[in-house]
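**Student:** Letter by letter, the sequence shown follows residues 8 to 394 of the working numbering.
Glycine residues also receive a C-beta, built at the ideal position from the N, C-alpha and C atoms.
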Amino acid sequence: MKNAGAVKTGYDFLVRPAGTKVALGVLIMLSQLDLQAAGSRILHGHVPAAAAELAPIGRLEPAKRLDLAIGLPLRNPEVLTNLIRELYDPGSPKFRQYLTPEQFAVAFGPSPEDYQSLLAFAQANGFTVTHTHGNRLLVDVNASVADIEKALHLTLRTYQHPTDPRTCYAPDVEPTVESSVPILDVTGLDTFKLPRPLVHNFGASQGIGGARPAYGSGPGGTYRGNDFRAAYAPNVAAKGLGQTVGLLEFDGYYASDIASYETQAGLPSVPLTNVLLDGYNGSPGSANIEVALDIEVAIAMAPGLNQVIVYEAGPSGFPNDILNRMATDNLAKQLSSSWTWSGGPSSTTDQIFQQLAAQGQSFFQASGDSDAYTGAIDQPADSPYIT
């Protein structure tokens, strides 16, 4: 084996054999051990499994700027777990005594001191704070790759995506921060798995296993509008009168599509409220069919709705930013998602779902219509706090 030269790291006994990753992996491990010994801690769950199997093709340009969403840990997690259990126990005196966002922040949100500590960490490392959150669970920042790498003790490397025709990036090691910095996890450090809709497209004359729809009120016997209530809620009188549904979306929609569907299906015109997040302007993209479908079926199943709130973050948005806005708004007690995502830690996501549960907000996630789950489960279907 050819000696490629000594690696100048302070560990002079190590050499890097050409064509192997072994010595580099040892160096990374020793480097992180040094950081831990110096009072730092590792934030696990940020390196995609696929990245460990691929050879990097380069690294991100140091001057490139990225958006990140940094999560903080909740206070009193055991008390919160017990409270949620009591809130949903009909035999408990706390049954359905749900919290307001303000009450949740006081009892369980990160302390104002911890929040200020994280803001100070961000600013000291050259990060620009772009958004703060009322429950203090998240801080949104924008920063250069160089500053991110320095602050989190990692390198952002680029890869050819294993299945998609695109390049992506990910950290070469888990982030490491000083133990005193109250960071739970960081979203936005990789682009291996982007949010994707779970819609399944079939032509009007096409079905699963050769079967064709034949009893619906739409063209060619397809299903629309009240057909869904007839199938899933027969003889149910309740129509969601006065209720609000909130939808999680990573694309926009055409309002004219919704109006046309309501007219053709004989449905009422339900008011739509758009909440744009993460700098998204609401312009519909290629996945607008999923957004329209979510809105239309919600109205079809609950034609008495007072409104549908469409939380839109666009293709580059962060799930946690949408979910946290749903929690701090607390305007919709019924929340729905037909999107899946992965590629990052889920601790902050689960915390937000706990807040939703504590506030009496039910979150419903599409399963993906792909039979039983096997192996790894993409977010957020793996959370114990949602349906």
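Residues in its own chain within less than 7 Å of Gly17 by CB, not counting five upstream and five downstream?
**Tutor:** The predicted model places Gly17 with a pLDDT of 34, which falls under 50 and marks its position as unreliable, so this point remains unresolved.
**Student:** Assess contact between the segment 311-328 and the segment 85-97, defined as three or more Cβ pairs (one per stretch) separated by less than 8 Å. Is contact present?
**Tutor:** no
**Student:** Pair every Cβ in the segment 183-194 with every Cβ in the segment 157-170, then say whether three or more of these pairs are closer than 8 Å.
**Tutor:** yes
**Student:** Run the CB neighbour count on Gln123, radius 10 Å, all protein chains shown included, and call it buried at 16 or more, exposed below.
**Tutor:** exposed
**Student:** Can you name the start and end residues of the beta strand (DSSP E) that Val252 belongs to?
**Tutor:** Thr251 to Glu256
**Student:** Inspect the CB distances between the segment 287-305 and the segment 250-261 and report whether three or more fall short of 8 Å.
**Tutor:** yes
**Student:** Per DSSP, what kind of secondary structure is Val146 in: helix, strand or coil?
**Tutor:** strand
**Student:** In three-state DSSP terms, what is Pro84?
**Tutor:** helix
**Student:** In this structure, does DSSP put Arg92 in helix, strand or coil?
**Tutor:** helix
**Student:** If you pair each beta-carbon of the segment 71-78 with each one of the segment 125-144, do three or more pairs fall below 8 Å?
**Tutor:** yes
**Student:** In three-state DSSP terms, what is Gln386?
**Tutor:** strand
**Student:** Can you list, in chain order, the residues of its chain whose CB lies under 8 Å from that of Gly382, leaving out five sequence neighbours each side?
**Tutor:** none
**Student:** Let me confirm a value: Ser293 is counted as buried when at least 16 other C-beta atoms fall within 10 Å, else exposed. Which label applies?
**Tutor:** exposed
**Student:** If contacts are defined as beta-carbon pairs under 8 Å, then Arg164 and Pro55 qualify, I think. What distance do you get, rounded to the angstrom?
**Tutor:** Arg164 to Pro55, Cβ: 11 Å. No contact.
**Student:** What does the alpha-carbon distance come out to for the pair Phe371 and Pro326?
**Tutor:** Answer to the nearest angstrom: the Cα atoms are 15 Å apart.
**Student:** What would DSSP say about Arg203, mapped onto helix, strand or coil?
**Tutor:** strand
**Student:** Please list the terminal residues of the continuous alpha helix (DSSP H) segment that includes Ala240.
**Tutor:** Element bounds for Ala240: n/a, residue is neither H nor E.
**Student:** Near Gln130, which residues of its chain fall below 6 Å by C-beta distance, leaving aside the five closest residues on each side in sequence?
**Tutor:** none
**Student:** Could you tell me how far apart the beta carbons of Ala379 and Gln362 are, in whole angstroms, since I believe they sit closer than 8 Å?
**Tutor:** Not a contact, Cβ separation roughly 30 Å.
**Student:** In terms of residue numbering, what span does the beta strand (DSSP E) encompassing Val136 cover?
**Tutor:** Thr135 to Thr139
**Student:** Relative to the alpha-carbon of Ala364, which residue among Leu338, Ile393 and Asp336 has its alpha-carbon at the smallest distance?
**Tutor:** Ile393
**Student:** By DSSP's criteria, Ala177 is part of a beta bridge. Which residues make up the other side?
**Tutor:** Arg164
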